[in-house]
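All remarks here apply to the structure that follows.
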């Protein structure tokens, strides 16, 4: 596997640790700005709406006129948004900063995933797994770092995200010529070996249901687990951030493992197994009233959310082989952002009926995802 994949994984880390920081700061925003659940979740909506709408557009554009230089720009914008948050004094300012963070994500993900696809060769599952680990590691470290800043040295300390991301962006910028040369060579070899690519829109439609189900699990856990720990389980703010970090730390390992297993066995099989786990894991997690029990349930929840991540991206790029950039924008980006469109609705439901009741949607999403996974064609039937 080309070692440049690890540099793109570092860029993925830079974007997603900023994405992970925003939900972890919701308890701080609720306390400082006296926000309701719906108002707090709307900040996530602002972040995810920009990323969800723009990522497929950038991916579609990348298939025609690729802009790999968007890759270093993404971490710069995401880091700048956290600097902005650190010095915000109003809800409107927080809302705008959250949107800029989403823009950075939408610029990075389609081009980053497309570049990794091009340089991966035959080890696409492993390469996308390694790339995805960077993002999940970011989501694991981001909440802890943001919490340490907000509750330790002061909210202005989140400017640290901007400094780190500037360094990452510089490394990506200077490595881009080598990455482009490697992608060109690898793409030529693959085209010679496989011939003309074809799109399978019917299978991609089934995969889209899986993307939505997994996105709900990812984003709603990312948004509401700190609040669930505080307001349902009675833990403190630090414990809520720690729970999120545990989920994403375990998830980083499972993401890479899912890619390796998918290369060796079956993309479809890994996805099916993940949703089989998701249904009971989310049911028991969201009906738990014990911190130790809920913490233990984070392990199967991580299996459900993170193990199918790489296979979903690879299948998306395979089903839409003629539009791999668009597929990357939808699969890699929307698997972490589409659920954000539902966050305000879940927040509204939590205001009306309670957070625990509102989060029952997670195991219901698992049922929908499993049904769609059962309808996917066998890997050997892929175009």
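Residue numbers (my numbering): 1 to 383.
The beta-carbon is built from N, C-alpha and C at its ideal position, and this holds for glycine as well.
When C-alpha distances from residue 12 are compared across 295, 138 and 262, the shortest belongs to 138. Residue 29 is a Cβ neighbour of residue 94, given a cutoff of 8 Å. The DSSP-derived three-state label of residue 222 is helix. Within the DSSP bridge table, the entry for residue 320 names 199 as partners. Of the residues assessed, residue 263 falls on the buried side of the cut-off, its CB having 16 or more other CB atoms within 10 angstroms. In this structure, the alpha-carbon of residue 362 lies about 21 Å from that of residue 22. Rounded to the nearest whole angstrom, the C-alpha separation of residue 303 and residue 278 is 8 Å.
Separation of the CB atoms of residue 173 and residue 79 is rounded to 14 Å, and the pair is thereby denied contact status at 8 Å. In the DSSP assignment, residue 307 falls outside any alpha helix (DSSP H), carrying neither H nor E.
Residue 211 is positioned such that its CB atom lies no closer than 8 Å to that of residue 251. A contact between stretches requires three or more CB pairs, one per stretch, nearer than 8 Å, and the segment 286-300 fails this requirement with the segment 308-315. In terms of CA proximity to residue 280, 297 leads the group 290, 265, 292 and 297. The beta-carbon distance between residue 369 and residue 214, rounded to whole angstroms, is 6 Å. This is short enough to meet the 8 Å contact definition. Under the three-state reduction of DSSP output, residue 232 falls in the coil class, being neither helix nor strand. Counting only unbroken stretches of 4 or more residues, the alpha helix (DSSP H) elements lying wholly within the segment 56-144 are 70-86 and 91-119, in sequence order. Put simply, of 72, 231, 16 and 126 the residue whose alpha carbon is nearest the alpha carbon of residue 357 is 231.
Rounded to the nearest whole angstrom, the C-alpha separation of residue 354 and residue 228 is 10 Å. For residue 278, the enclosing alpha helix (DSSP H) covers residues 267-285. Comparing alpha carbon positions, the residue from 312, 243, 313 and 290 closest to residue 301 is 243.
Between residue 179 and residue 282, the C-beta spacing is not below 8 Å. Around the CB of residue 75, 16 or more other CB atoms lie within 10 Å, so the residue is classed as buried. For residue 4, the CB contacts under 7 Å within the same chain, skipping 5 residues up- and downstream, are 119, 175, 178, 179 and 182 in chain order. Residue 259 sits close to residue 129, with the two beta carbons spaced by under 8 Å. Comparing alpha-carbon positions, the option among 378, 8, 27 and 7 lying closest to residue 203 turns out to be 378. Secondary structure at residue 2: coil, using DSSP grouped into helix, strand and coil. Beta-carbon to beta-carbon, residue 102 and residue 50 are separated by about 3 Å, close enough to satisfy the 8 Å threshold. Between the beta-carbon of residue 224 and that of residue 359 there is about 6 Å, and that keeps the pair under the 8 Å contact cut. When rounded, the separation of the alpha-carbon atoms in residue 373 and residue 314 is 14 Å. When secondary structure is reduced to three states using DSSP, residue 356 falls in the helix class.
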